[in-house]
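The opening residue of the sequence shown carries number 69 in the working numbering; numbering runs sequentially from there.
Where a beta carbon is used, it is the ideal one built from N, C-alpha and C, also for glycine.
Remember, it's a predicted structure, so these values are computed and weren't measured experimentally.
These notes are about the structure you will find just below.
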Amino acid sequence: MTEPGPAPTMERVRSRREMPAGSLSPSRAKWIDAVLAGLVLFDASLAAWAFFLPDFWFRAFHGTAYDDPQGFLRRCAANWAAFALIQLAALLLWRKNPHGLAVAAGARLSDVFTDWTYLAFAQDITWFGRASLACASPANALLGWWLLRAWRQAGGRESGPADK
Numbered sequence: 069m070t071e072p073g074p075a076p077t078m079e080r081v082r083s084r085r086e087m088p089a090g091s092l093s094p095s096r097a098k099w100i101d102a103v104l105a106g107l108v109l110f111d112a113s114l115a116a117w118a119f120f121l122p123d124f125w126f127r128a129f130h131g132t133a134y135d136d137p138q139g140f141l142r143r144c145a146a147n148w149a150a151f152a153l154i155q156l157a158a159l160l161l162w163r164k165n166p167h168g169l170a171v172a173a174g175a176r177l178s179d180v181f182t183d184w185t186y187l188a189f190a191q192d193i194t195w196f197g198r199a200s201l202a203c204a205s206p207a208n209a210l211l212g213w214w215l216l217r218a219w220r221q222a223g224g225r226e227s228g229p230a231d232k
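Okay, here's the thing in structure tokens:
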């Protein structure tokens, strides 16, 4: 019988938190691409729906006929189109310039309070409108935080407390 040798040593695998800024795994980079692409499609769809089908929007969100004499819904559509363009630019450019991720995060964070405000003051609201608007503000906050974290990890700046 032979005596056992020394215990095998294993190299410690770095966690994502320990990875230096700018060194993303391929799977993390794919996640960033997927999230940005999804946001582009989402905001472009919202913009198209609100701008070209305002009657349908009002029925879905308010259960009423379209009544927007000041054109505020279409103003919102233009804002969502801007979000889609900002996120598209980030999607196309973030590998060369990660600061686009921070700009996209800022767009998401700028919309954190708007949907809950809309929900609080809308005179008529459907179950779909209530559910959609109730989820939108926390989703924007979470996406803004996630994109800022991705920016830091992509080398936007050195990792900070939000990465831990």
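Pairing residue 171 with residue 193 gives a Cβ-Cβ distance that is not under 8 Å.
For the pair residue 166 and residue 219, the CB atoms are nearer than the 8 Å cut-off.
In the structure shown, residue 108 adopts helical secondary structure according to DSSP, grouped into three states.
Measuring C-alpha to C-alpha distances from residue 136 to each of 146, 161, 206, 123 identifies 123 as the nearest. Separation of residue 202 and residue 93 (C-alpha to C-alpha, rounded to the nearest whole angstrom) is 34 Å. From the listed residues 184, 109, 205, the smallest Cα separation to residue 150 is found for 109. Looking from the CA of residue 101, the closest CA among 221, 156, 188 belongs to 156. Residue 121 and residue 178 have their alpha carbons spaced roughly 25 Å apart.
When DSSP states are grouped into helix, strand and coil, residue 100 belongs to the helix group. Considered as a whole, the segment 122 to 162 harbours 122 to 130, 140 to 161 as its complete alpha helix (DSSP H) runs of no fewer than 4 residues, in chain order. Comparing alpha carbon positions, the residue from 118, 115, 184 closest to residue 204 is 184. Your pair residue 173 and residue 212 checks out as a contact, with CB atoms roughly 5 Å apart and the cut at 8 Å. Taking 8 Å as the cut-off, the Cβ atoms of residue 140 and residue 197 do not count as close. Take the alpha-carbon of residue 210 and the one of residue 176: they are about 9 Å apart.
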